[in-house]
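Below you'll find the structure, written out as C-alpha cells, and then a few comments.
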Amino acid sequence: MSEHELRVSKIRNGTVIDHVTGGQALNVLAILGIDGASGESVSIGMNVPSDRLGKKDIVKVEDRELSQSEVDVLSLIAPEATINIVRDYEVVDKLRVERPQTVTGVLSCPNRNCITQANEPVVSKFDVVDDGVRCTYCSEIIREDIADHLDVA
Ligand code: CTP
Ligand code: ZN
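Counting from 1, position 76 in the sequence shown corresponds to residue 260 in our numbering; the numbering is continuous, with no gaps.
Dropping the structure here:
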C-alpha cells in the first residue's frame, strides 16, 4: 500500500499488530485490556484490504509493548498476526505470533464446577489442542469465541 493510501497514521513509539484476522480487532483490544479508560492512544483499521489475507484488521497501540502471555492468546484469535515494535517511527522488531502449547492465567474456564472457578488459589491453564483450548484441570474445551473467555481486565 503506498503512502498515498495509508489509512491509519504511522506511530512514533509502540506496537503495531498487523495482519489480524478481519473482524478481530476489538477482541485484540480486549486481550490487551484496553477499553480506552486509561487514556492509551490506539488506532484501529478494520477489514482493510490485504494482499495476503484479503481483508485484515490492524491495531496500533502507542507507548506499549506486549507481554508473552498477551501474544500467546493473540495467536489463538489471529494466527497470521505480525507484531511490529516501533521506536522513533522505525520498525525495530517484527515477529510472527506462534501458537503456544499452553496458555496460563489468561482464560477462564466455562465449567462452573472446575477447580479454577472455586475461589481456590489455582491459576487457570489450558492446553492448546487442534480444535480449541482444553482446561488442564477439568478437560472442558473452548472451541469458539475464545476471546469471550478472557480473564483479563
Ligand atoms: N507502522 C506504523 N508506524 C510506524 C512504522 C510502521 O504504524 N512508524 C506500521 C505500518 O503501517 C505497517 C506495519 O507497521 O502496517 C509494519 O510496517 P512495515 O514493516 O514498514 O511494513 P511492511 O513491510 O508492509 O510489513 P509486512 O511485511 O509485515 O507486511
Ligand atoms: Zn476447567
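Glycine included, every Cβ here is placed at the ideal spot set by N, Cα and C.
Considering Cα atoms alone, identify which of the options is closest to residue i.
| i | options | result |
| --- | --- | --- |
| residue 272 | 214, 246, 288 | 246 |
| residue 284 | 321, 213, 261, 208 | 261 |
| residue 249 | 205, 329, 228, 197 | 197 |
| residue 306 | 316, 322, 313, 270 | 322 |
| residue 303 | 194, 209, 293 | 293 |
| residue 288 | 233, 325, 308 | 308 |
| residue 298 | 212, 281, 318 | 318 |
| residue 259 | 191, 192, 212, 224 | 212 |
| residue 252 | 333, 320, 327, 282 | 282 |
| residue 218 | 326, 254, 202 | 254 |
| residue 194 | 301, 300, 274, 333 | 274 |
| residue 344 | 326, 296, 301 | Because the chain spans 185 through 337 in this model, residue 344 falls outside it and cannot be assessed. |
Using a threshold of 7 Å, is the CB atom of residue i nearer than that to any non-hydrogen atom of ligand 1?
| i | result |
| --- | --- |
| residue 211 | no |
| residue 242 | yes |
| residue 278 | yes |
| residue 261 | no |
| residue 231 | no |
| residue 194 | yes |
Would you say the beta carbon of residue i is closer than 7 Å to some non-hydrogen atom of ligand 2?
| i | result |
| --- | --- |
| residue 295 | yes |
| residue 286 | no |
| residue 324 | yes |
| residue 300 | yes |
| residue 273 | no |
Per DSSP, residue i forms a beta bridge with which residues?
| i | result |
| --- | --- |
| residue 274 | 271 |
| residue 246 | 198 |
| residue 311 | 286, 318 |
| residue 212 | DSSP lists no partner for residue 212. |
| residue 279 | 267 |
Assuming residue i and residue j make a contact with CB atoms under 8 Å, what is their CB distance in whole Å?
| i | j | result |
| --- | --- | --- |
| residue 331 | residue 215 | 7 Å |
| residue 270 | residue 313 | Contact doesn't hold; Cβ gap of about 34 Å is too wide. |
| residue 237 | residue 264 | 6 Å |
| residue 243 | residue 226 | 7 Å |
| residue 209 | residue 256 | So it is not a contact: roughly 18 Å between Cβ atoms. |
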